[in-house]
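Student:
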Amino acid sequence: MASIEFGFATVSDLDDLLALYAVLRPQYPAYARGEAEKALASLLGQPHLRLIVARLDERVVATCRLALLANIGRASRPIGLLEYVVTAGQFQRKGIGQQMLAFALDVAWHLDCCKVVLLSGTQRDLTHMLYEELGFRGDREHGFIIDAPF
2 MASIEFGFAT VSDLDDLLAL YAVLRPQYPA YARGEAEKAL ASLLGQPHLR LIVARLDERV
62 VATCRLALLA NIGRASRPIG LLEYVVTAGQ FQRKGIGQQM LAFALDVAWH LDCCKVVLLS
122 GTQRDLTHML YEELGFRGDR EHGFIIDAPF
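Per our numbering, the sequence shown starts with residue 2, numbered consecutively.
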(Lines of atoms letter the chains of each structure in order from A and count residues from 1; the text may use other names and numbers.)
(Lines give C-alpha, C1' and ligand atoms only; values in the text may rest on other atoms or scores of the structure.)
Protein backbone atom coordinates (compact mmCIF):
# COMPACT_ATOMS: atom_id res chain seq x y z
CA MET A 1 0.00 0.00 0.00
CA ALA A 2 1.23 3.50 -0.82
CA SER A 3 2.02 5.95 1.95
CA ILE A 4 -0.89 7.46 3.88
CA GLU A 5 -0.76 11.22 4.44
CA PHE A 6 -2.63 12.92 7.27
CA GLY A 7 -3.77 16.51 7.18
CA PHE A 8 -6.79 18.74 6.88
CA ALA A 9 -9.66 18.63 4.40
CA THR A 10 -10.03 21.07 1.54
CA VAL A 11 -13.04 21.91 -0.61
CA SER A 12 -11.71 19.56 -3.28
CA ASP A 13 -12.27 16.63 -0.88
CA LEU A 14 -16.06 17.02 -0.97
CA ASP A 15 -16.93 13.91 -3.01
CA ASP A 16 -14.72 11.63 -0.92
CA LEU A 17 -16.12 13.07 2.31
CA LEU A 18 -19.73 12.64 1.19
CA ALA A 19 -19.02 9.01 0.29
CA LEU A 20 -17.53 8.37 3.73
CA TYR A 21 -20.40 10.06 5.57
CA ALA A 22 -22.91 8.01 3.55
CA VAL A 23 -21.26 4.86 4.93
CA LEU A 24 -21.17 6.21 8.49
CA ARG A 25 -24.75 7.46 8.62
CA PRO A 26 -26.73 5.94 5.72
CA GLN A 27 -30.01 6.94 7.36
CA TYR A 28 -29.23 10.65 6.96
CA PRO A 29 -30.59 12.34 3.84
CA ALA A 30 -28.05 13.23 1.15
CA TYR A 31 -27.19 16.86 0.49
CA ALA A 32 -28.13 18.63 -2.70
CA ARG A 33 -24.86 19.43 -4.47
CA GLY A 34 -24.85 23.19 -3.83
CA GLU A 35 -25.81 22.70 -0.18
CA ALA A 36 -22.95 20.26 0.41
CA GLU A 37 -20.42 22.67 -1.06
CA LYS A 38 -21.70 25.51 1.14
CA ALA A 39 -21.70 23.30 4.24
CA LEU A 40 -18.12 22.17 3.69
CA ALA A 41 -16.91 25.70 2.96
CA SER A 42 -18.61 26.90 6.16
CA LEU A 43 -17.10 24.08 8.22
CA LEU A 44 -13.61 24.70 6.85
CA GLY A 45 -13.96 28.40 7.69
CA GLN A 46 -14.65 27.79 11.38
CA PRO A 47 -11.55 28.52 13.48
CA HIS A 48 -12.65 26.09 16.20
CA LEU A 49 -13.08 23.10 13.86
CA ARG A 50 -10.54 20.84 12.19
CA LEU A 51 -11.68 18.35 9.57
CA ILE A 52 -8.91 15.78 9.60
CA VAL A 53 -8.35 13.40 6.70
CA ALA A 54 -6.20 10.45 5.74
CA ARG A 55 -5.22 10.49 2.07
CA LEU A 56 -4.02 7.63 -0.08
CA ASP A 57 -3.01 8.60 -3.62
CA GLU A 58 -4.85 11.93 -3.19
CA ARG A 59 -8.09 10.17 -2.22
CA VAL A 60 -9.59 10.71 1.24
CA VAL A 61 -9.98 7.23 2.77
CA ALA A 62 -10.72 8.25 6.37
CA THR A 63 -11.84 11.34 8.24
CA CYS A 64 -12.79 12.69 11.64
CA ARG A 65 -13.82 16.07 12.98
CA LEU A 66 -12.09 17.75 15.91
CA ALA A 67 -14.11 20.53 17.52
CA LEU A 68 -12.50 22.84 20.06
CA LEU A 69 -14.96 23.73 22.81
CA ALA A 70 -14.31 26.87 24.82
CA ASN A 71 -13.90 26.09 28.48
CA ILE A 72 -13.96 28.18 31.65
CA GLY A 73 -12.56 25.33 33.75
CA ARG A 74 -9.08 23.82 33.54
CA ALA A 75 -7.46 27.26 33.16
CA SER A 76 -9.62 27.98 30.10
CA ARG A 77 -7.94 25.25 28.05
CA PRO A 78 -10.31 24.01 25.33
CA ILE A 79 -11.92 20.59 25.31
CA GLY A 80 -11.46 18.60 22.11
CA LEU A 81 -14.47 16.71 20.77
CA LEU A 82 -13.87 14.03 18.14
CA GLU A 83 -16.84 12.94 16.06
CA TYR A 84 -17.65 11.53 12.63
CA VAL A 85 -14.77 9.06 12.71
CA VAL A 86 -15.00 6.90 9.59
CA THR A 87 -12.68 4.85 7.40
CA ALA A 88 -13.69 3.53 3.97
CA GLY A 89 -14.57 -0.17 4.18
CA GLN A 90 -11.71 -1.52 2.10
CA PHE A 91 -9.21 0.37 4.29
CA GLN A 92 -10.56 -0.70 7.67
CA ARG A 93 -8.39 -2.81 9.98
CA LYS A 94 -5.20 -1.66 8.29
CA GLY A 95 -4.15 0.83 10.97
CA ILE A 96 -5.26 3.91 9.04
CA GLY A 97 -7.98 4.93 11.51
CA GLN A 98 -5.63 4.46 14.44
CA GLN A 99 -2.92 6.56 12.79
CA MET A 100 -5.46 9.26 11.88
CA LEU A 101 -6.74 9.43 15.45
CA ALA A 102 -3.16 9.65 16.74
CA PHE A 103 -2.68 12.58 14.34
CA ALA A 104 -5.94 14.15 15.64
CA LEU A 105 -4.74 13.79 19.23
CA ASP A 106 -1.42 15.44 18.32
CA VAL A 107 -3.39 18.34 16.83
CA ALA A 108 -5.54 18.59 19.98
CA TRP A 109 -2.51 18.61 22.29
CA HIS A 110 -0.77 21.18 20.07
CA LEU A 111 -3.90 23.37 20.42
CA ASP A 112 -3.62 23.00 24.23
CA CYS A 113 -6.77 20.91 24.79
CA CYS A 114 -7.10 19.76 28.39
CA LYS A 115 -8.84 16.54 27.27
CA VAL A 116 -10.39 14.97 24.21
CA VAL A 117 -13.85 13.41 24.23
CA LEU A 118 -14.78 10.92 21.52
CA LEU A 119 -18.31 9.82 20.67
CA SER A 120 -18.92 6.38 19.22
CA GLY A 121 -21.84 4.10 18.50
CA THR A 122 -22.62 1.73 21.36
CA GLN A 123 -22.45 -1.53 19.38
CA ARG A 124 -18.95 -1.18 17.96
CA ASP A 125 -16.78 -3.36 20.20
CA LEU A 126 -13.81 -3.67 17.80
CA THR A 127 -13.80 0.07 17.27
CA HIS A 128 -13.97 0.65 21.02
CA MET A 129 -10.93 -1.59 21.47
CA LEU A 130 -9.05 0.62 19.00
CA TYR A 131 -10.01 3.73 20.96
CA GLU A 132 -8.86 2.14 24.20
CA GLU A 133 -5.51 1.22 22.58
CA LEU A 134 -5.07 4.94 21.91
CA GLY A 135 -5.70 5.75 25.58
CA PHE A 136 -9.40 6.61 25.54
CA ARG A 137 -11.38 5.33 28.51
CA GLY A 138 -14.95 4.19 28.02
CA ASP A 139 -15.59 3.79 31.73
CA ARG A 140 -14.76 7.31 32.88
CA GLU A 141 -17.85 9.30 31.87
CA HIS A 142 -21.15 8.52 30.17
CA GLY A 143 -22.65 10.46 27.26
CA PHE A 144 -26.28 11.04 26.37
CA ILE A 145 -27.61 12.25 23.03
CA ILE A 146 -30.96 13.63 21.95
CA ASP A 147 -31.81 14.31 18.31
CA ALA A 148 -33.69 17.40 17.19
CA PRO A 149 -37.46 16.77 17.06
CA PHE A 150 -37.62 17.78 13.41
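For glycine and all other residues, C-beta sits at the position ideal for the given N, C-alpha and C.
Just tell me which of GLU36, ALA3 and SER77 has its CA closest to the CA of LEU112.
Tutor: SER77
Student: May I ask which residues mark the beginning and end of the alpha helix (DSSP H) holding VAL108?
Tutor: 97–111
Student: Which residue comes first and which comes last in the alpha helix (DSSP H) that contains ARG138?
Tutor: Looking at the DSSP string, ARG138 is not in any alpha helix (DSSP H), and its letter there is neither H nor E.
Student: Can you give me the start and stop residues for the alpha helix (DSSP H) that TYR22 sits inside?
Tutor: 15–25
Student: Is the beta carbon of LEU44 sitting closer than 8 Å to the one on LEU52?
Tutor: yes
Student: Output the boundary residues of the alpha helix (DSSP H) element that contains ARG34.
Tutor: From DSSP, the alpha helix (DSSP H) with ARG34 extends over 34–45.
Student: Could you check whether LEU127 and VAL117 sit closer than 8 Å to each other, using their CB atoms as the reference points?
Tutor: No, they are not a contact pair.
Student: Would ALA68 and GLY98 be called neighbours here (beta carbons separated by less than 8 Å)?
Tutor: no
Student: Per DSSP, what are the beta-bridge partners of ARG1 in this structure?
Tutor: Here the chain comprises residues numbered 2 to 151, so residue 1 is not present and cannot be evaluated.
Student: Checking the sheet assignment: what are the DSSP bridge partners for VAL8?
Tutor: First, the amino acid is wrong: residue 8 is Gly here, not Val. DSSP, once it has assigned bridges, lists VAL54 as partnering GLY8.
Student: If the criterion is Cβ atoms closer than 8 Å, does the pair LEU19 and TYR32 meet it?
Tutor: Yes, the pair counts as a contact, with Cβ atoms nearer than the cut-off.
Student: Applying the criterion that 16 or more other CB atoms from any shown protein chain within 10 Å of the CB defines a buried residue, is GLY1 buried or exposed?
Tutor: Nothing about residue 1 can be reported from this structure: the residues present for the chain run from 2 to 151 only.
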